[in-house]
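*Asks:*
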Amino acid sequence: MTKLDPSEVIDRVRKLQQTASDVSCLGRFHEGVRLLRKGMGLLDGMYPVEREFRTDWMVTRIRLSSTLVALNSEISGDIKAGLAGLDDVRLLINGVDDPVVRAELSAALEHNYGARLMSVGRNEDSLGYFGTSMEYRRYWLDHTTEPEPRMVGLVQTLAARGWVHTKLGNVGQAREDLNRAIELAEKFELRADAADGRRFLGTLALRTGDVPEALRLYEVSERSYRALDLDVPSQLRLEQAEALLAAGLAGEAGEHLDDLMESMRSLPSVTRELAYIELHRAEAALRADDLALARQMAGSARRRMLKVGCQTCAGNAKIIGLQADVLEALRSGEIPASLPYRAIRTAETLPLPRLTDQAATARMLAVRLDIRRGNLKRAVETLHKVPRPGQLTPIDYRMLRRLCRAELAVAQGNRAKALTEIRSGLTELDAVRDRMGGLDLVSGTALHGQELADLAVKLVLERSDARRLFVWLERTRAQTYRYEPLSAGTDPELAARVAEVRGLGQAIQEAQHDGHPSAGLRAKYNERLREAQRLGWHTGRWGRPRPVAGLGEVVARLGERAMVSFAASGNELVAVVVAGGECRLVRLGSAESAAESARVLNVDLDALAPDNLPERLAEVVMASARKQADKLDAQLIQPLADTIGDRELVIVPTGPLYAVPWGVLPGLRGRPTVVAPSATAWLAAELTKSPRARKIVLVRGPGLAGARGELEKLTTHYRTATTMTGAKATVKSVLRAMDGAKLAHFAAHGAHEPENALFSRLELADGALFGHEMAGLRQPPRQVVFAACELALNRIRPGDEALGFASALLASGSRTVIAPLSRVGDLASAAAMDDYYRALAVRDRPALALADAIAVDPFRRPFVCLGSG
29 MTKLDPSEVI
39 DRVRKLQQTA
49 SDVSCLGRFH
59 EGVRLLRKGM
69 GLLDGMYPVE
79 REFRTDWMVT
89 RIRLSSTLVA
99 LNSEISGDIK
109 AGLAGLDDVR
119 LLINGVDDPV
129 VRAELSAALE
139 HNYGARLMSV
149 GRNEDSLGYF
159 GTSMEYRRYW
169 LDHTTEPEPR
179 MVGLVQTLAA
189 RGWVHTKLGN
199 VGQAREDLNR
209 AIELAEKFEL
219 RADAADGRRF
229 LGTLALRTGD
239 VPEALRLYEV
249 SERSYRALDL
259 DVPSQLRLEQ
269 AEALLAAGLA
279 GEAGEHLDDL
289 MESMRSLPSV
299 TRELAYIELH
309 RAEAALRADD
319 LALARQMAGS
329 ARRRMLKVGC
339 QTCAGNAKII
349 GLQADVLEAL
359 RSGEIPASLP
369 YRAIRTAETL
379 PLPRLTDQAA
389 TARMLAVRLD
399 IRRGNLKRAV
409 ETLHKVPRPG
419 QLTPIDYRML
429 RRLCRAELAV
439 AQGNRAKALT
449 EIRSGLTELD
459 AVRDRMGGLD
469 LVSGTALHGQ
479 ELADLAVKLV
489 LERSDARRLF
499 VWLERTRAQT
509 YRYEPLSAGT
519 DPELAARVAE
529 VRGLGQAIQE
539 AQHDGHPSAG
549 LRAKYNERLR
559 EAQRLGWHTG
569 RWGRPRPVAG
579 LGEVVARLGE
589 RAMVSFAASG
599 NELVAVVVAG
609 GECRLVRLGS
619 AESAAESARV
629 LNVDLDALAP
639 DNLPERLAEV
649 VMASARKQAD
659 KLDAQLIQPL
669 ADTIGDRELV
679 IVPTGPLYAV
689 PWGVLPGLRG
699 RPTVVAPSAT
709 AWLAAELTKS
719 PRARKIVLVR
729 GPGLAGARGE
739 LEKLTTHYRT
749 ATTMTGAKAT
759 VKSVLRAMDG
769 AKLAHFAAHG
779 AHEPENALFS
789 RLELADGALF
799 GHEMAGLRQP
809 PRQVVFAACE
819 LALNRIRPGD
829 EALGFASALL
839 ASGSRTVIAP
849 LSRVGDLASA
859 AAMDDYYRAL
869 AVRDRPALAL
879 ADAIAVDPFR
889 RPFVCLGSG
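Using my numbering, you'd call the opening residue of the sequence shown number 29 and step up by one each time.
Structure representation (structure tokens):
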């Protein structure tokens with residue numbers, strides 16, 4: 029058998045090592061190990077090695093051994109064995125005579141050693157190894173004639189050290205290392221490493237509270253990986269989920285993680301990665317109040333983390349399981365004596381200082397439990413052990429600490445101190461909200477302060493203080509509308525992505541029409557929709573926050589009108605009524621009963637919508653709808669009759685009451701009524717000073733049988749209107765016409781997107797017009813009317829943060845939005861709109877005109893006037 033030339037063998041082994049590294053980056057660790065062992069066998073076959081090849085042979089063997097140790101450690105999760113293996117490689121390196129080569133090998137080994145320590149949360153220990161690696165790399169680069177090809181190692185170690193500084197809260201040092209790593213990577217065209225650096229920089233932004241900037245950097249990194257035809261690292265997807273959780277978007281984070289989990293399960297050797305995903309999924313489930321899923325995911329993550337030896341991550345999973353159990357106990361009111369002890373024991377056994385915040389969280393949970401059990405002495409002692417928040421302390425920690433202090437103050441009989449704590453907590457939350465970007469992020473932030481807000485309402489309700497309750501309701505609900513809109517236009521990249529979504533939507537419709545498969549198109553549509561949503565999270569910006577509306581300002585603006593602000597505490601529903609300069613509190617019974625009546629009424633109105641409903645079926649459904657309307661009227665309106673008289677109303681709903689079309693209730697039939705997310709939002713809409721505009725825009729979308737006659741009738745009211753129908757009613761032309769208009773009327777089908785409210789849509793000639801695009805108008809129309817689709821305030825988040833097509837318009841500066849809350853038939857819509865515009869020509873004010881139009885046939889015309897009227 030012919031013996032191969034030693035230089036050829038060594039070159040072949042080097043290629044095997046590079047291939048092994050490449051496949052390992054894709055998570056194919058076992059394949060990498062197989063290739064490395066093959067290379068090791070080739071090297072063993074050369075022994076004894078001729079003198080002239082001995083150094084190359086030794087260096088190649090060291091590199092192979094180092095990589096093999098790292099991959100075996102990754103597969104087994106046995107970090108101790110991995111570190112011991114690297115120590116063995118260190119002995120081999122000491123046998124290399126050339127100091128420059130020795131420095132090169134030592135730099136890689138010290139980097140790998142630090143990376144192994146970092147992977148199990150030993151960040152302080154890893155920092156020294158990365159520093160040593162940097163010293164070796166600088167020596168090596170100073171003594172080589174071609175430093176450029178070897179710059180990648182320096183960049184990677186800089187980025188790794190910056191990542192460790194980020195984990196340790198060393199903000200300045202982290203930013204310095206990461207910016208330097210990105211600078212060098214771009215200078216030497218190391219584009220993948222530049223993407224890594226931006227990802228780490230995104231996490232630094234997230235840790236310092238700048239969620240939009242974090243999402244932007246993550247998005248830039250993801251695009252860079254895709255442009256290089258590289259797989260997007262699972263860690264990046266996890267970090268995006270962390271940012272969504274920080275913004276209060278638990279549902280979106282859960283979906284994001286479910287997709288990632290599904291893709292990871294098909295890969296071998298991903299125990300640690302899958303455990304991280306499950307850990308984040310448990311947190312998302314906890315935030316979304318799915319306690320069973322939170323326990324399941326946390327338990328699975330903990331088992332996987334214990335298997336790979338990551339005590340830190342296992343501790344995080346343990347905390348989530350504890351949180352789920354504590355929440356369930358607090359809600360049930362049945363708190364076993366063992367649960368506070370378990371929380372304290374968990375705090376005492378977590379590895380410190382790595383899990384200092386988590387140990388403090390466990391103690392705070394114990395405080396809440398002891399307060400409920402009446403053990404105030406121990407609650408005080410435990411709370412004293414909870415550290416004050418630092419610069420990088422997460423908002424959830426801050427809110428939980430404020431909640432503990434407030435609940436303890438209540439238990440000690442000091443309500444004033446409790447409300448002071450709540451007020452301070454909400455002020456901290458405002459600071460977080462002020463840094464958010466798109467409307468999704470701004471509205472989602474309320475989740476973090478929900479329990480504080482609920483406690484404030486409960487405390488004030490116990491004193492039956494209507495004026496104070498009004499103030500606290502304004503302080504805790506619908507904070508999105510406190511921000512002044514900015515005329516920033518639409519981000520070009522986001523606009524391009526939305527256009528792609530629109531085109532895919534049309535392609536799906538065509539495929540369905542032709543009987544062709546559409547599953548592939550639908551998958552691509554959903555993927556592009558998520559990408560567009562992610563871009564919207566960091567491209568949208570809002571202006572300075574407005575002050576919360578004061579009761580005096582509201583009274584002055586109301587004049588002869590009345591405002592009814594509904595609120596719920598537990599199962600108790602109340603209304604704060606402002607009328608004639610007075611403020612009264614009215615208790616209205618069961619919140620659950622009202623919610624159920626509202627739900628059934630909405631279902632009945634949907635069933636009544638078709639134009640040609642059989643008469644007998646219509647009678648049955650109508651009877652049910654009348655019954656629910658009467659029940660709501662008896663519970664919500666009749667108790668207020670003496671206070672509101674026959675005044676026009678401004679209604680601020682809460683939760684399920686957003687679904688009530690108020691014009692169908694007997695006590696409000698024919699009464700002008702405006703619906704607003706808060707008194708602050710209503711006052712802002714009332715005081716909006718739009719430029720004088722005369723332009724009227726009338727738009728008809730495809731597929732509406734009654735809309736042709738509807739628009740023809742409307743042109744008799746508005747003879748100079750810009751009418752856009754057929755092929756002229758494209759998204760681009762409609763948006764251009766709407767900008768700066770006095771009135772925009774849409775007779776078009778639409779659909780609410782329940783999991784992505786700002787991408788609810790109106791169907792136009794060339795595809796969908798999305799709610800997100802409305803928010804990009806420089807000067808949104810003063811009044812917008814949706815005649816044929818239920819695109820009102822569709823999704824209600826914690827804190828009564830309404831999100832949907834109408835909310836995008838109202839938050840962006842439109843004064844009035846007219847829309848149905850339930851489905852409406854084409855013919856019924858056309859008749860309602862004819863009556864509305866006829867009345868508007870006489871009455872001038874939208875609320876007055878809409879009240880007249882609804883009263884003709886209220887159950888078939890479930891429209892509401894949103895904003896101001």
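Glycine included, C-beta positions come from ideal geometry on N, C-alpha and C.
Between the segment 125 to 140 and the segment 310 to 326, do at least 3 Cβ pairs fall closer than 8 Å?
*Replies:* Contact fails: fewer than three Cβ-Cβ distances are below 8 Å.
*Asks:* Which residues does DSSP pair with serine 618 in a beta bridge?
*Replies:* Partner(s): Glu600.
*Asks:* Whose C-beta lies closer than 7 Å to the C-beta of glycine 617 among residues of the same chain, with five residues either side of it excluded?
*Replies:* Answer for glycine 617: Leu601 and Gln663, listed in chain order.
*Asks:* With DSSP as the reference, label phenylalanine 216 as helix, strand or coil.
*Replies:* If DSSP states are grouped into helix, strand and coil, phenylalanine 216 belongs with coil.
*Asks:* Would you mind stating whether alanine 187 and leucine 206 have Cβ atoms separated by less than 8 Å?
*Replies:* Yes, these two residues count as a Cβ contact at 8 Å.
*Asks:* Can you tell me whether arginine 293 is buried or exposed? The criterion is at least 16 other CB atoms within 10 Å of its CB, across all chains shown.
*Replies:* Per the 10 Å Cβ criterion, exposed.
*Asks:* Could you tell me which of Leu96, Ala437, His745 and Lys445 sits nearest to leucine 63, measuring between CA atoms?
*Replies:* Looking at the Cα atoms, Leu96 is the closest of the given residues.
*Asks:* Give me, in chain order, the residues of the same chain whose beta-carbon lies closer than 6 Å to that of threonine 753; leave out the 5 immediate sequence neighbours on both sides.
*Replies:* Once the five neighbours on either side are set aside, the close Cβ partners of threonine 753 are Arg728.
*Asks:* Relative to the C-alpha of arginine 330, which candidate in Arg227, Ala303 and Ala136 has its C-alpha closest?
*Replies:* Selected option, being the one with the closest Cα: Ala303.
*Asks:* Determine the closest residue to glycine 113 out of Leu99, Asp125, Leu334 and Lys405, with distance taken between C-alpha atoms.
*Replies:* Answer by Cα proximity: Leu99.
*Asks:* At what residues does the alpha helix (DSSP H) containing threonine 185 begin and finish?
*Replies:* 179 to 196 is the extent of the alpha helix (DSSP H) around threonine 185.
*Asks:* Rounding to the nearest angstrom, what Cα-Cα distance links isoleucine 882 and leucine 243 in this structure?
*Replies:* Distance between the alpha carbons of isoleucine 882 and leucine 243: 44 Å.
*Asks:* Going by DSSP, name the residue or residues bridged to phenylalanine 891.
*Replies:* Paired residues: Pro848.
*Asks:* First and last residue of the beta strand (DSSP E) that includes leucine 693?
*Replies:* Segment: none, leucine 693 is in no beta strand (DSSP E) and carries neither H nor E.
*Asks:* Checking 8 Å against the spacing of the C-beta atoms, do alanine 845 and leucine 837 come in under that value?
*Replies:* For the sequence presented, residue 845 should be read as valine rather than alanine. For valine 845 and leucine 837, yes; Cβs fall inside 8 Å.
*Asks:* When DSSP labels each residue in this structure, what does valine 870 get in the three-state scheme?
*Replies:* Three-state result, valine 870: helix.
*Asks:* Would you decide whether tyrosine 246 is buried or exposed? Buried here means 16 or more other CB atoms lie within 10 Å of its CB.
*Replies:* So tyrosine 246 ends up on the buried side.
*Asks:* Compute the beta-carbon to beta-carbon distance between leucine 145 and tyrosine 157, rounded to the nearest angstrom, for a pair I have assumed lies under 8 Å.
*Replies:* 7 Å between Cβ atoms; contact.
*Asks:* Output the distance between the C-alpha atoms of valine 703 and leucine 447, rounded to the nearest integer angstrom.
*Replies:* If you take the alpha carbons of valine 703 and leucine 447, they lie about 29 Å apart.
*Asks:* Quick check on DSSP: helix, strand or coil for glycine 67?
*Replies:* Correct three-state label for glycine 67: helix.
*Asks:* Using beta-carbon positions only, say whether leucine 431 and glutamate 502 come within less than 8 Å of one another.
*Replies:* Contact flag unset, no.
*Asks:* Quick one: what's got a C-beta closer than 6 Å to leucine 805's C-beta in the same chain, skipping five residues either side?
*Replies:* Only Asp767 meet the Cβ criterion.
*Asks:* In chain order, which continuous runs of the alpha helix (DSSP H) of length 4 or greater are located wholly inside the segment 621 to 682?
*Replies:* Listed in chain order, the complete alpha helix (DSSP H) runs (minimum 4 residues) inside the segment 621 to 682 are 643 to 660 and 669 to 672.
*Asks:* Let me make sure I understand the geometry here. Which of Arg254, Asn122 and Leu404 has the alpha-carbon closest to that of leucine 137?
*Replies:* When each option's Cα is compared against that of leucine 137, the closest is Asn122.
*Asks:* So glutamate 676 packs on arginine 699, CB below 8 Å; how close in whole Å?
*Replies:* Between arginine 699 and glutamate 676 the Cβ distance is about 7 Å, and since that is below 8 Å, they are a contact.
*Asks:* If you drop the 5 nearest sequence neighbours on each side, which residues of the same chain put their C-beta closer than 8 Å to that of aspartate 863?
*Replies:* Asp880, Ala881 and Val884.
*Asks:* Rounded to the nearest angstrom, how far is the Cβ of glycine 282 from that of alanine 316, given a contact under 8 Å?
*Replies:* At roughly 6 Å, the Cβ-Cβ gap stays under 8 Å, so glycine 282 and alanine 316 are in contact.
*Asks:* Go ahead and pull the three-state DSSP assignment for leucine 613.
*Replies:* If DSSP states are grouped into helix, strand and coil, leucine 613 belongs with the strands.
*Asks:* Give me the residue from Met68, Leu350 and Gly181 with the minimum Cα distance to alanine 371.
*Replies:* Closest by alpha carbon: Leu350.
*Asks:* Skipping 5 residues on each side, what residues in its chain have a beta carbon closer than 7 Å to that of arginine 208?
*Replies:* Closer than 7 Å at Cβ, skipping near neighbours: Leu186.
*Asks:* Three-state secondary structure (DSSP) at glutamate 791?
*Replies:* In this structure, glutamate 791 counts as strand in the three-state DSSP scheme.
*Asks:* Where does valine 499 fall in DSSP's three states?
*Replies:* DSSP places valine 499 in helix when its eight states are reduced to three.
*Asks:* Report the rounded CA-to-CA distance for valine 117 versus alanine 202, giving the unit in angstroms.
*Replies:* Roughly 30 Å between the two C-alpha positions.
*Asks:* So threonine 682 packs on glycine 691, CB below 8 Å; how close in whole Å?
*Replies:* 19 Å between Cβ atoms; not a contact.
*Asks:* Between the Cα of threonine 716 and those of Pro809, Leu487 and Ala626, spot the shortest distance and give me the residue it belongs to.
*Replies:* It is Pro809.
*Asks:* Tell me the DSSP bridge mates of threonine 751?
*Replies:* In the DSSP output, where bridge partners are listed per residue, threonine 751 has Leu726.
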